[in-house]
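These notes concern the structure reproduced below.
Here you go:
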């Protein structure tokens with residue numbers, strides 16, 4: 050009897066029995082967890098091991114929390130006149146990003162968080178943005194990013210910015226080859242970009258980046274503080290106006306590209322509308338403290354309809370802040386920064402905060 054028991058429970062049989070018991074216990078635990086505690090959030094920590102490159106920031110992120118600096122130890126940031134806590138933050142490196150404004154690109158990501166935005170006409174009666182950010186801002190998703198145009202390169206060059214784009218027209222790429230601007234082109238540096246895979250935006254309107262990505266590139270290049278020539282800023286004063294009595298600022302680039310700015314007295318700022326709809330992104334409404342319309346001549350360059358904008362020299366400007374608009378001029382010499390003046394020759398002093406500059410080409414009308 051003992052010999053038969055030993056033969057029945059051979060080494061191989063004992064191994065099979067152990068394996069079966071292990072599978073049975075593991076399956077039972079799995080079934081219990083599935084039935085009584087279906088919370089699969091624990092799997093989120095495993096994604097790193099499988100596909101870390103696909104883990105991208107959520108598009109609907111929370112707005113960054115802005116900490117007000119102590120009044121006794123603050124410095125004025127060269128980019129937008131806002132008070133910050135250190136000299137390094139005041140001389141922060143600027144990042145200029147070409148952002149899409151095609152109907153398939155809206156709403157954009159983080160456009161509301163830019164310190165300075167240029168809206169410029171491009172081919173087909175459309176517009177595109179050059180959004181300037183301080184490099185130390187905390188933003189997880191910016192875009193969609195589109196291709197460069199020569200005048201966008203020039204605008205980035207005059208503030209010594211890191212220029213972020215996705216390809217460009219032949220003229221823009223040739224200019225970049227000759228320019229001293231720091232160039233981050235998605236075509237050759239795809240590791241700093243990703244494409245939205247949510248289905249909300251499709252190619253080519255889905256190229257995105259983040260503040261961490263551009264800081265990684267700046268650190269790799271050894272670029273940190275690069276304060277360019279600053280504009281003049283004034284102390285913002287309390288304005289007592291009835292906003293209902295003020296006319297909107299309207300810029301008509303084409304039939305389907307119409308921008309409007311409406312003054313809000315309670316915040317002494319202008320709310321943006323586009324084609325009649327309130328402009329906002331996932332981080333909030335798009336507002337500005339200062340609006341400048343810069344009038345320039347333009348001409349069509351090729352059969353695609355790409356434009357040439359005359360951005361050097363001088364021309365008319367309309368300057369709006371504190372609920373009032375005045376006529377003025379703009380002037381730019383070579384690669385120097387464009388500056389703006391009232392008709393009496395006084396250089397304008399802007400409110401600290403966001404400034405939008407609307408570039409009005411030959412076919413653009415405004416009032």
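In our numbering, the protein residues as written are 50 to 416.
Every residue, glycine too, gets a C-beta built ideally from N, C-alpha and C.
Buried or exposed: which applies to residue 160, given that a residue is buried once 16 or more other Cβ atoms fall within 10 Å of its Cβ?
buried
Is residue 114 helix, strand or coil by DSSP?
The pLDDT assigned to residue 114 is 45, lower than 50, so where the model puts this residue is not dependable; a value taken from the coordinates is nonetheless given after this. In this structure, residue 114 counts as coil in the three-state DSSP scheme.
Can you give me the start and stop residues for the alpha helix (DSSP H) that residue 291 sits inside?
Note, residue 291: premise wrong, no alpha helix (DSSP H); not H, not E.
Cα separation between residue 248 and residue 329?
20 Å
Please determine, among 193, 229 and 131, the residue with the shortest C-alpha to C-alpha distance to residue 178.
193
At what residue ranges does the region 194–249 contain a whole run of the beta strand (DSSP E), taking only runs of 3 or more?
211–214 and 231–234
The alpha helix (DSSP H) that contains residue 264, what's its start and end?
260–270
Residue 245: CB within 7 Å of a non-hydrogen atom of the ligand ADP
This structure lacks the ligand ADP; in fact it carries no ligand of any kind.
The region 266–286 touching the region 341–355, judged by at least three CB pairs closer than 8 Å
no
Identify whether residue 402 lies in helix, strand or coil by the three-state DSSP scheme.
coil
Evaluate residue 219 with the Cβ neighbour count: other Cβ atoms within 10 Å of its Cβ, from every protein chain shown; 16 or more gives buried, anything less gives exposed.
exposed
Once the 5 residues before and after residue 251 are set aside, which same chain residues still bring their CB inside 8 Å of it?
153
Could you check what DSSP says for residue 157 in three-state terms: helix, strand or coil?
coil
When DSSP labels each residue in this structure, what does residue 383 get in the three-state scheme?
It is coil, neither helix nor strand.
Excluding the 5 residues flanking residue 317 on each side, which residues of the same chain have their C-beta closer than 6 Å to its C-beta?
The answer, listed in chain order, is 288.
Could you tell me which of 414, 386, 360 and 308 sits nearest to residue 198, measuring between CA atoms?
The residue among 414, 386, 360 and 308 with its C-alpha nearest the C-alpha of residue 198 is 360.
Rounded C-beta distance between residue 184 and residue 142? I'm assuming under 8 Å.
4 Å
Residue 186 vs residue 162 beta-carbon contact at 8 Å:
yes
Range of the contiguous beta strand (DSSP E) that encloses residue 168
Start and end: 165–170.
Give the DSSP-derived three-state secondary structure of residue 192 in the structure shown.
Strand, per DSSP.
Same chain, Cβ closer than 6 Å to residue 204, five either side skipped, listed in chain order:
167 and 179
Assuming residue 202 and residue 228 make a contact with CB atoms under 8 Å, what is their CB distance in whole Å?
6 Å
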